[in-house]
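K.L.:
Structure incoming, see below.
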Amino acid sequence: MSVVRSIVAGSGSYLPEKILTNEDLAKIVDTSDEWIVQRTGIKQRHIAAEGQVTSDLATEAAKRALESAGRTPDDIDTIILATATPDNTFPASAVTVQANLGMTHGYAFDVHAVCSGFVYALTTADAYIRAGLAKRCLVIGAETFSRILDWEDRTTCVLFGDGAGAVLLERADGEGSTQDRGILTSHLRSDGRHKEKLFVDGGPSGTQTVGHVRMEGREVFKHAVGMITDVIEDAFSATGFSADDLTWFIPHQANKRIIDASAKKLKIAPEKVVTTVQWHGNTSAASIPLALDTAVRDGRVKKNDLLMLEAMGGGFTWGSVLLRW
Ligand SMILES: CC(C)(COP(=O)(O)OP(=O)(O)OC[C@H]1O[C@@H](n2cnc3c(N)ncnc32)[C@H](O)[C@@H]1OP(=O)(O)O)[C@@H](O)C(=O)NCCC(=O)NCCS
Numbered sequence: 001m002s003v004v005r006s007i008v009a010g011s012g013s014y015l016p017e018k019i020l021t022n023e024d025l026a027k028i029v030d031t032s033d034e035w036i037v038q039r040t041g042i043k044q045r046h047i048a049a050e051g052q053v054t055s056d057l058a059t060e061a062a063k064r065a066l067e068s069a070g071r072t073p074d075d076i077d078t079i080i081l082a083t084a085t086p087d088n089t090f091p092a093s094a095v096t097v098q099a100n101l102g103m104t105h106g107y108a109f110d111v112h113a114v115c116s117g118f119v120y121a122l123t124t125a126d127a128y129i130r131a132g133l134a135k136r137c138l139v140i141g142a143e144t145f146s147r148i149l150d151w152e153d154r155t156t157c158v159l160f161g162d163g164a165g166a167v168l169l170e171r172a173d174g175e176g177s178t179q180d181r182g183i184l185t186s187h188l189r190s191d192g193r194h195k196e197k198l199f200v201d202g203g204p205s206g207t208q209t210v211g212h213v214r215m216e217g218r219e220v221f222k223h224a225v226g227m228i229t230d231v232i233e234d235a236f237s238a239t240g241f242s243a244d245d246l247t248w249f250i251p252h253q254a255n256k257r258i259i260d261a262s263a264k265k266l267k268i269a270p271e272k273v274v275t276t277v278q279w280h281g282n283t284s285a286a287s288i289p290l291a292l293d294t295a296v297r298d299g300r301v302k303k304n305d306l307l308m309l310e311a312m313g314g315g316f317t318w319g320s321v322l323l324r325w
C-alpha cells in the first residue's frame with residue numbers, strides 16, 4: 001500500500017559566537033565548574049549577541065538546512081518554528097524567518113511547547129504533509145533563553161543557553177512499512193497540572209512583563225525519566241521495534257544525568273546516544289535539531305538509520321518521534 005511519508009531532506013544548526021563557560025558563570029553566581037559538570041554534564045553555553053533575536057538564529061539554521069538539502073526558499077511552502085522565546089509577543093517569529101528568507105509565498109507559524117517544541121513541530125509538519133496541506137516544510141527550533149533567565153538565580157541560570165537547529169521535511173511516497181524512510185510514528189503528551197514546576201513568571205496577559213524561568217529542579221528530574229520512557233515505549237509498541245533496533249538515540253539535551261538515566265532504563269546502548277549538552281547547555285526547542293545536525297555533519301547519522309528523538313519540558317509536555325533517515 002502506498003502511503004505519504006515525511007522524509008528529512010537536510011539539516012542545519014547555528015550557535016551564537018559568544019561562549020559563556022562554567023568558570024565565567026562562577027564569577028556571576030555562587031557556583032563552580034565541578035558542581036555544574038557533576039549535576040548536568042554542561043561545560044559551556046552560547047549567548048546571543050545584543051540585538052540578535054530568536055528569528056536571526058532560526059534564519060541561519062534554516063539557511064544551512066536548505067543548503068544541505070540542495071533547496072532554495074522557492075522550493076518550500078511552510079515554516080514551523082518551535083520557540084518559547086519569540087522576538088515579540090506577536091507576530092510569530094516564523095513569519096520574520098519567512099521574510100528573512102525572502103519568501104512571500106506559503107505560510108509560517110510558531111509552535112509553543114517549550115523544550116518539547118521541536119518534537120511537537122516535527123509532528124505537526126508531518127501531519128500537514130500527510131494531510132496534503134504542505135509539501136516541503138522547514139521545521140525549526142530556536143531559542144534565546146538567556147533573555148528570560150534570572151542571572152542571580154544559580155539554580156536555573158547555569159542550565160540554559162541560546163541556539164537554533166532546523167530540518168527540511170519533504171513529502172515522499174512510502175510503502176506503509178516500518179522500513180520506509182521518514183517519520184514512522186509520533187507520540188505527544190502533556191499534563192498541565194505540573195505547570196508550577198517549570199514556568200516563566202511573566203507574560204503579556206498575566207503580568208505584562210516577559211518574566212524569568214522558575215523551576216523546581218528536583219521535581220522536574222523526578223518526572224522526566226518516567227515520562228520520556230513512556231512515550232518511547234509507545235513508539236516501540238506502535239512499530240514493533242525495540243531499543244536494539246535503534247541506530248541513534250537523539251534526546252532533548254537538558255541534562256546528561258536525565259539522558260543517561262533514560263537510556264539506561266530503556267536499555268539503549270551508551271554508544272548509540274548522541275549527547276551535545278556539554279557544548280551548549282539546554283537550548284530548549286533547539287536542542288534536538290542541534291544534536292541531530294551535529295551527528296549528521298560528523299558522519300554518524302547515515303541514510304536508512306533508525307533515529308529515536310524525544311523531549312520533555314515545561315507544562316509538562318513530552319513526546320517522541322521515531323524516523324528512518
Ligand atoms: C537542577 C539540578 C541540576 C539540581 O541538582 P540537584 O542534585 O537536584 O540539586 P538540589 O536542587 O537538590 O540542590 C542541591 C544543593 O546545590 C545547591 N545548588 C543549586 N544550584 C547550584 C549551582 N548552580 N551551583 C552550586 N550549588 C547549587 C542548592 O542550593 C542545594 O544546596 P543546599 O543543599 O545547601 O540547599 C537537577 O535537579 C536537575 O537536573 N533537574 C532537572 C532540570 C532540567 O533539566 N530542567 C529542564 C527540563 S526541560
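Quick note: the sequence shown, position 204, residue 204 per our numbering, numbers continuous. We put the CB at the ideal spot given by N, CA and C, even for glycine.
Across which residues does DSSP place Lys18 in a beta bridge pair?
P.N.:
Beta-bridge pairing links Lys18 to Ile47.
K.L.:
List the DSSP bridge partners of Trp407.
P.N.:
Residue 407 falls outside the range modelled here, since the chain spans only 1 to 325, and no answer is possible.
K.L.:
Classify Ala69 as buried or exposed, calling it buried when 16 or more other Cβ atoms lie within 10 Å of its own Cβ.
P.N.:
With 16 or more other Cβ atoms within 10 Å, it is buried.
K.L.:
What is the rounded straight-line gap between the Cα of Gly51 and the Cα of Leu188?
P.N.:
The straight-line gap from Cα to Cα measures roughly 34 Å.
K.L.:
Does the distance from the CB of Ile140 to the CB of Ala58 come in under 8 Å?
P.N.:
The answer is yes: Cβ separation under 8 Å.
K.L.:
Is the distance from the Cβ of Lys195 to the Cβ of Glu219 below 8 Å?
P.N.:
Contact: no.
K.L.:
Just to confirm, is the Cβ distance from Ala82 to Val97 under 8 Å?
P.N.:
The answer is no: Cβ separation not under 8 Å.
K.L.:
Which residue comes first and which comes last in the alpha helix (DSSP H) that contains Thr229?
P.N.:
Gly217 to Thr239 is the extent of the alpha helix (DSSP H) around Thr229.
K.L.:
Alpha carbon to alpha carbon, how far is Val210 from Pro204? Give it in angstroms, no decimals.
P.N.:
Cα to Cα, Pro204 sits roughly 7 Å from Val210.
K.L.:
What separation, rounded to the nearest whole angstrom, lies between the Cα atoms of Glu23 and Val200?
P.N.:
Cα to Cα, Glu23 sits roughly 26 Å from Val200.
K.L.:
Would you decide whether Asp56 is buried or exposed? Buried here means 16 or more other CB atoms lie within 10 Å of its CB.
P.N.:
By the neighbour-count rule (16 or more Cβ atoms within 10 Å), Asp56 is buried.
K.L.:
Relative to the C-alpha of Arg154, which residue among Ile36, Ser284 and Asn282 is closest?
P.N.:
It is Ile36 whose Cα lies nearest to the Cα of Arg154.
K.L.:
With DSSP collapsed to three states, give me the class of Ser177.
P.N.:
Three-state DSSP puts Ser177 in coil, outside helix and strand.
K.L.:
Is it the case that the stretch 300-308 contacts the stretch 316-325, given that we only count it when at least three CB pairs across the two stretches are under 8 Å?
P.N.:
Flag = yes, the stretch 316-325 and the stretch 300-308 touch.
K.L.:
Take every Cβ of the stretch 271-282, pair it with every Cβ of the stretch 30-46, and state whether three or more of those distances are shorter than 8 Å.
P.N.:
Because the criterion of three Cβ pairs below 8 Å is met, the stretch 271-282 and the stretch 30-46 touch.
K.L.:
Where does Ser6 fall in DSSP's three states?
P.N.:
Strand at Ser6.
K.L.:
Where does Thr5 land, buried or exposed, given buried means 16+ other C-beta within 10 angstroms?
P.N.:
The question names Thr, but residue 5 in the sequence shown is Arg. Buried, since its Cβ has 16 or more Cβ neighbours within 10 Å.
K.L.:
What residues in its chain sit with their C-beta under 6 Å from that of Ala113, if we drop five residues either side in the sequence?
P.N.:
So the qualifying residues of the chain are Tyr120 and Thr317.
K.L.:
Give the range of the alpha helix (DSSP H) segment to which Phe118 is assigned.
P.N.:
Run containing Phe118: Gly117 to Arg130, per the alpha helix (DSSP H) assignment.
K.L.:
Kindly identify the DSSP beta-bridge partner or partners of Gly192.
P.N.:
None, per the DSSP bridge assignment.
K.L.:
Less than 7 Å separating the Cβ of Trp151 from some heavy atom of ligand 1?
P.N.:
No, the beta carbon of Trp151 sits no closer than 7 Å to any heavy atom of ligand 1.
K.L.:
What's the call for Ser186, buried or exposed, on a 16-neighbour Cβ count within 10 Å?
P.N.:
Buried.
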